[in-house]
Amino acid sequence: MKSFTGIIAAVLTSLSLSAQVNTTADGFYFEKSKGSFTEKELVWKKRADLAVIRLGYWRGDCCGGVPEAEQITASIRNDTVFYNLHTKRIPDCRTETGLCGSLIDFVIDPKKFPDYKKLAFKETLDGEAR
């Protein structure tokens, strides 16, 4: 029963975090995708006065193996977005409880980055350019 309560707590925490948006003064942020699984990745779309691109779909165990948009950090250097997913394992979590998935979008202000369509994406371990 104790593990079931822990799982419920983890799911509720995940749901409350997914409602938050990681906005930055830099003119870009990551968010949980509002689209469907069938949409293509790395295709720019306009939404209001923002540009959105699906970075991908991550699948893994529900014990911290899947990134959440709120945890991702990034920097833009030249024409490359260097991002770190910051996945962190939840200690004492039972991985046999199932699989989780996460669709993550990158949202950018085209007024601050007029050449946004030329951006390349590179995942890093420390979030810095190499």
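Using this note's numbering, you'd call the opening residue of the sequence shown number 488 and step up by one each time. For each residue, glycine too, the CB sits at the ideal point set by N, CA and C.
Margin query: If you reduce the DSSP assignment to three classes, tell me which class residue 535 lands in.
Written below: Taking the first residue of the sequence shown as position 1, residue 535 is located at position 48. Correct three-state label for residue 535: coil.
Notebook entry, point to check: Would you report the Cα separation of residue 532 and residue 546, rounded to the nearest angstrom?
Noted result: In the sequence shown, counting from the first residue as 1, residue 532 sits at position 45. In the sequence shown, counting from the first residue as 1, residue 546 sits at position 59. If you take the alpha carbons of residue 532 and residue 546, they lie about 24 Å apart.
Margin query: What residue range does the beta strand (DSSP E) around residue 561 cover?
Written below: Start at 1 with the first residue of the sequence shown, and residue 561 comes out as number 74. Residue 561 -> beta strand (DSSP E) spans 560 to 564.
Next item on the list: Taking all protein chains shown into account, decide if residue 554 is buried (16 or more other Cβ within 10 angstroms of its Cβ) or exposed.
Entry: Here residue 554 corresponds to residue number 67 of the sequence shown, with the count starting at 1. Flag for residue 554 reads buried.
Next item on the list: Examine the Cβ distances between the region 534 to 543 and the region 575 to 586 and report whether three or more of them are shorter than 8 Å.
Entry: no
Check: Between residue 601 and residue 551, what straight-line distance do the alpha-carbon atoms span, to the nearest angstrom?
Finding: Taking the first residue of the sequence shown as position 1, residue 601 is located at position 114. Taking the first residue of the sequence shown as position 1, residue 551 is located at position 64. Answer to the nearest angstrom: the Cα atoms are 35 Å apart.
Checklist line | Residue range of the unbroken beta strand (DSSP E) whose run includes residue 516 | finding: Taking the first residue of the sequence shown as position 1, residue 516 is located at position 29. Residue 516 -> beta strand (DSSP E) spans 515 to 519.
Next item on the list: Spatial neighbours of residue 582 within its chain, please: CB distance less than 6 Å, with the 5 preceding and 5 following residues excluded, ordered by chain position.
Entry: For the purposes of this step, residue 582 is identified with residue 95 of the sequence shown, where counting begins at 1. These residues qualify, in order along the chain: 548 and 550.
Check: Can you list, in chain order, the residues of its chain whose CB lies under 7 Å from that of residue 585, leaving out five sequence neighbours each side?
Finding: By one-based count along the sequence shown, residue 585 stands at place 98. Around residue 585: 549.
Check: In or out: residue 523 buried (at least 16 other Cβ within 10 Å) or exposed?
Finding: Taking the first residue of the sequence shown as 1, we reach residue 523 at position 36. So residue 523 counts as exposed.
Checklist line | Cut-off 6 Å between Cβ atoms - residues of its own chain near residue 603, not counting five sequence neighbours on either side | finding: Counting from one through the sequence shown, the residue named residue 603 turns up at place 116. Hits under 6 Å: 538, 595 and 597.
Item checked: As assigned by DSSP and simplified to three states, the class of residue 609 -> Taking the sequence shown and counting its residues from 1, the one referred to as residue 609 is at position 122. In the structure shown, residue 609 sits in a strand (DSSP, three-state: E or B).
Next item on the list: Closer than 8 Å by C-beta to residue 607: which residues in its own chain qualify, once you throw out the five before and the five after it? Chain order, please.
Entry: Along the sequence shown, one-based indexing puts residue 607 at 120. So the qualifying residues of the chain are 566, 567 and 568.
Notebook entry, point to check: Is it buried or exposed for residue 526, if we count other Cβ within 10 angstroms and need 16 for buried?
Noted result: Here residue 526 refers to the residue found at position 39 of the sequence shown. By the neighbour-count rule (16 or more Cβ atoms within 10 Å), residue 526 is not buried but exposed.
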